[in-house]
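Enquirer:
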Amino acid sequence: MSSRRQSGRKRQRTSYNLDPLAGLDILSEDSQLEDTEDRYDDSGEDDEFHVRTKGQGNEVQDDEDEVEEEESEDEEEEDATSMIISDEEANENESRTPRKKRKSSEFAIVRRDKIKRRDADSKNESKTHRPRDVQSSAQPSKGIIRGVPEMHKSGTKREMLTNLAGDEDAGIIALLRSRSKWCNDPTLPRRHAKDNGTGGLDYSFFLPEEVREKEATLSWRWYDNGGGKKSFRMTQQTQALSPDSAIEFLPRTGEGDCKVFMGLWKDQKLVTIPNGESISIEECWKPDDPIDGQSQQSSKKNPRLGWMLNAGDKVQCIDWAPNNKSGVQYLALCTNSLDNKTDRLNPPAGHPSRNVAPAYSPSPATPSCIQIWGFPAAAADQHGQCQPDLTKSPSLRLVICTEWGPVKQLKWCRALRNQDETDSIGLLGAVFGDGKLRVFDVFRPGVSNQETPTQYLHITKPAFESGPPESICTSLDWLSSHDIVVGCANGFVAVFDIRPRPSDELPRPWSPTPWFYQHIHGTYVLSVTSGYPSRPHILLTASMDGYLRATDLRSPKADSVLSQRSRIGNSVLAWSDHMQAAMSADEQGHVRLSPLRRFYSTIAVARPQNHGKALLMSLAAGVVHPMILAGTIDGAAVATNPLRRLLNSKSVPQQQTWFFHEWSRQDGGISRIVEGFKVESVVLQPSKDEHGSSNRISNAIFEERSSITDVSWNPNLSCGGWAAAGMGSGLVRVEDLAL
1 MSSRRQSGRK RQRTSYNLDP LAGLDILSED SQLEDTEDRY DDSGEDDEFH VRTKGQGNEV
61 QDDEDEVEEE ESEDEEEEDA TSMIISDEEA NENESRTPRK KRKSSEFAIV RRDKIKRRDA
121 DSKNESKTHR PRDVQSSAQP SKGIIRGVPE MHKSGTKREM LTNLAGDEDA GIIALLRSRS
181 KWCNDPTLPR RHAKDNGTGG LDYSFFLPEE VREKEATLSW RWYDNGGGKK SFRMTQQTQA
241 LSPDSAIEFL PRTGEGDCKV FMGLWKDQKL VTIPNGESIS IEECWKPDDP IDGQSQQSSK
301 KNPRLGWMLN AGDKVQCIDW APNNKSGVQY LALCTNSLDN KTDRLNPPAG HPSRNVAPAY
361 SPSPATPSCI QIWGFPAAAA DQHGQCQPDL TKSPSLRLVI CTEWGPVKQL KWCRALRNQD
421 ETDSIGLLGA VFGDGKLRVF DVFRPGVSNQ ETPTQYLHIT KPAFESGPPE SICTSLDWLS
481 SHDIVVGCAN GFVAVFDIRP RPSDELPRPW SPTPWFYQHI HGTYVLSVTS GYPSRPHILL
541 TASMDGYLRA TDLRSPKADS VLSQRSRIGN SVLAWSDHMQ AAMSADEQGH VRLSPLRRFY
601 STIAVARPQN HGKALLMSLA AGVVHPMILA GTIDGAAVAT NPLRRLLNSK SVPQQQTWFF
661 HEWSRQDGGI SRIVEGFKVE SVVLQPSKDE HGSSNRISNA IFEERSSITD VSWNPNLSCG
721 GWAAAGMGSG LVRVEDLAL
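For the sequence shown, the UniProt record's numbering puts the final residue at 739, and the numbers step up evenly by one.
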């Protein structure tokens, strides 16, 4: 409906319209289309145009006639008040609208003086005035999109919490408890909680304690009492090797020794770390010629509790073993030689991947290994927290030798377990270059002392093995103690149940089939994870199509949602149970959160880069705290607390660089570690020069061996502040970052 302004002086008539869709010939509902067809009738002669008002058949021949008051009083009042335009707005619009000679309108016009009379009558009756921008209750709210209110348009804190945690009290209370406990920690977690309960380490509040205890007790019955342990030991075939026989499986780059500068910024030391050995970080920070005891006292006050070790080649993946409450903490890692790229591009004659793209075909069978390192922990304090024991050195406890190509990814089964006295470290899943998924039952390699020699086991048959037909596995994650999910190169996702069945022959003569195998993406699946522990039925996948997808296994066809599309394929994906959000990276190097209830929208929480637009190579979320670690391709390892940004969009993100790693080609390869950075506030917007244009020189190419290839937080509650970072040069840094 339109209105026309009239005044005493003669001038051209100007029309004003409050309908944002006027002139677009767009009707929002079918009922409006039917109503329009009923109102406008062109059944008369060519020189006549009849307009039927609602419920009437009166004719309006020109725009000078008055519209008879045949409608109800409620409709008149609503139409009148919605058409009111103040004089100031009218004058402002007139100044912007060019005055042109108006043609005779074919539609009925309600005059402004008529509107004023109706408005005066309504004021006298109700003594109240409804603002003109208030819509009818039958119309949807302007802030409603996709059927739910947008987060940035919510007006109250209650609405914001509802958008993140749902309308149930349990979810809102869990999110409020997380906010009260960790929002005061800007970047790194605290080892102990304060007197008021803030800080410290704890599991996610979204999983009730009784559910967690039940899972830790009942979820492993299939292994302990149901024949799983016996089946795995009968199926898995191993053979002990001597150190000389295992040399062909170990990584080797040049001479195998890493030269690295470490220590004080103005007084760094050059140290050499042999292949398979480690050094203490604290030793590099001690001055050579201390003047007095002040340097030693300051070192004892704030010691650097950690080590640097040499894995021998570019670190591909690292992961902490769960369910180790105290004593030795185990870290599994695998390396991938840069020479393997040449082998994949030039496979031998007759190999199936000779005429197929290397990423979509299995690689040639080459020797590889998985290293299991043990890091000594000191006795637990009164709060149950353990710190690294610097009086002992970490050692390479076990080497799993295989012949299925390089290891692409490995992950421990993270299901909680109450049984402490066991000879098994846990179940380790891995995806190999030949495109198959394999699960190993890793046993403890003897007593935990420094004199224990490294054990070498050649596994010729794993406890569980399977692979997709006419494709290869690309990534994996655990859903429970017996369910494991893998992503495939053809866009499919498969979920396997590794529990043995009574009817199975031992060992299995066939490849087990998945109980879930569905096409999720249109192309290569780069990464897959789950919402464990509170939402293990939620699958989160990232693909080369640029999308992140959340899929509910209980109804995969109906309950599936896509995120915003990225310009690049993103292999960085993690799940934070404390925030109920997926974490990923974009093409600008930002860390972005995708809340599960608002998966289609993202929130930028960090920008971990030192120079240029360095893309993220790795990302890890804490299990007993909400802090995250991010590793970039330029060699920066950064920590931050995204929970603060998630709950308060106006807060300025703060992050702290754990260390910065650089690698140079000179002298056969040499590294430098820079640390001691302060907490800094981050500007998430792209950098601009003084003229306001984007800085196009920020894109850069870095040495591949300088990158932080993978990061990991320790999932155990007693050592939740321990962090590990693997580098392209073969170095691995392990340190207790808890304050």
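All C-beta atoms in this analysis are idealised placements derived from N, C-alpha and C, irrespective of residue type, glycine included.
Please read these numbers as outputs of a predicted model, since none were measured by experiment.
1. Give the DSSP-derived three-state secondary structure of Tyr547 in the structure shown.
2. DSSP on Met234, reduced to helix/strand/coil?
3. I'd like to confirm the pairing. Which residues does DSSP put opposite Gln239 in its beta bridges?
4. Grouping DSSP H, G and I as helix and E and B as strand, with all else coil, what is Pro388?
5. What does His519 pair with, by DSSP beta-bridge criteria?
6. Looking only at C-alpha atoms, which of Gly384, Arg444 and Leu684 sits nearest to Arg331?
7. My assumption, with CB atoms under 8 angstroms, is that Pro322 sits in contact with His625. Please give the rounded CB distance.
8. Can the beta-carbon of Met617 be found closer than 7 angstroms to that of Thr709?
9. Applying the criterion that 16 or more other CB atoms from any shown protein chain within 10 Å of the CB defines a buried residue, is Gly522 buried or exposed?
10. On the three-state DSSP scale, how would you describe Trp575?
11. Report buried or exposed for Asp224, applying the criterion of at least 16 other Cβ atoms within 10 angstroms of its Cβ.
12. CB-CB under 6 angstroms to Lys259, same chain, minus the five flanking residues each way: which ones, in chain order?
13. What is the DSSP secondary structure of Arg397, counted as helix, strand or coil?
14. What are the boundary residues of the alpha helix (DSSP H) that includes Lys259?
15. Alpha carbon to alpha carbon, what distance is there between Ala489 and Ser729?
16. In this structure, how does DSSP classify Thr657 when only helix, strand and coil are distinguished?
17. Between Thr162 and Ser180, how many whole angstroms is the CB-CB distance? I'm expecting something under 8 angstroms.
18. What's the call for Arg191, buried or exposed, on a 16-neighbour Cβ count within 10 Å?
19. Is the segment 313 to 321 in contact with the segment 396 to 404, if contact means three or more CB pairs nearer than 8 angstroms?
20. Nearest to Leu416 by CA position, among Trp220, Cys369 and Gln239, is which residue?
21. Could you have a look at Ile109 and say whether DSSP puts it in helix, strand or coil?
22. With distances taken between CB atoms, is the gap from Leu573 to Thr529 smaller than 7 angstroms?
23. Output the distance between the C-alpha atoms of Glu168 and Ser664, rounded to the nearest integer angstrom.
24. For a test of the three-state rule: what should DSSP assign to Ser651, helix, strand or coil?
25. Among residues of its own chain, excluding the 5 on either side of Leu739, which ones have a beta-carbon nearer than 6 angstroms to its beta-carbon?
26. Return helix, strand or coil for Trp222, following the three-state DSSP convention.
27. Looking at C-beta atoms only, is the number of pairs between the segment 592 to 611 and the segment 576 to 584 that lie closer than 8 angstroms three or more?
28. Count the other CB atoms, across all protein chains shown, that sit within 10 Å of the CB of residue 762; report buried if there are 16 or more and exposed otherwise.
29. Using only CA atoms, which one of Asp195, Gly200, Leu176 and Ser527 lies nearest to Asp185?
30. Distance, Cα to Cα, Leu526 vs Val683?
31. When DSSP labels each residue in this structure, what does Thr529 get in the three-state scheme?
32. Please report the residue range of the alpha helix (DSSP H) in which Lys436 lies.
33. Would you mind reading off the limits of the alpha helix (DSSP H) that contains Asp169?
34. Going straight from the alpha carbon of Pro536 to that of Phe375, what length do you get?
35. When DSSP labels each residue in this structure, what does Met308 get in the three-state scheme?
36. Go through its chain and collect everything with a Cβ distance to Leu175's Cβ below 7 angstroms, but skip five positions before and after it.
Expert: Reading from the atomic positions:
1. coil
2. helix
3. His458
4. strand
5. Phe492
6. Position check: residue 331 holds Leu in this sequence, whereas Arg was assumed. The shortest C-alpha separation from Leu331 is found at Arg444.
7. Wrong, their Cβ atoms sit about 15 angstroms apart, outside the cutoff.
8. yes
9. exposed
10. strand
11. exposed
12. Thr272 and Ile670
13. strand
14. Taken as a continuous stretch (DSSP letters only), Lys259 belongs to no alpha helix (DSSP H), being part of the beta strand (DSSP E) at Cys258 to Leu264.
15. 28 angstroms
16. strand
17. About 18 angstroms; that fails the 8 angstroms criterion.
18. buried
19. no
20. Trp220
21. Residue placement at Ile109 cannot be trusted, given a pLDDT of 42 that sits under 50; the coordinates are not used to answer.
22. yes
23. 54 angstroms
24. coil
25. Leu188 and Arg190
26. helix
27. yes
28. Outside the displayed span of the chain (1 to 739) sits residue 762, for which this structure offers no information.
29. Gly200
30. 29 angstroms
31. strand
32. Here Lys436 belongs to no alpha helix (DSSP H), and DSSP marks it neither H nor E.
33. Asp169 to Trp182
34. 30 angstroms
35. strand
36. Leu161, Leu164 and Ala165
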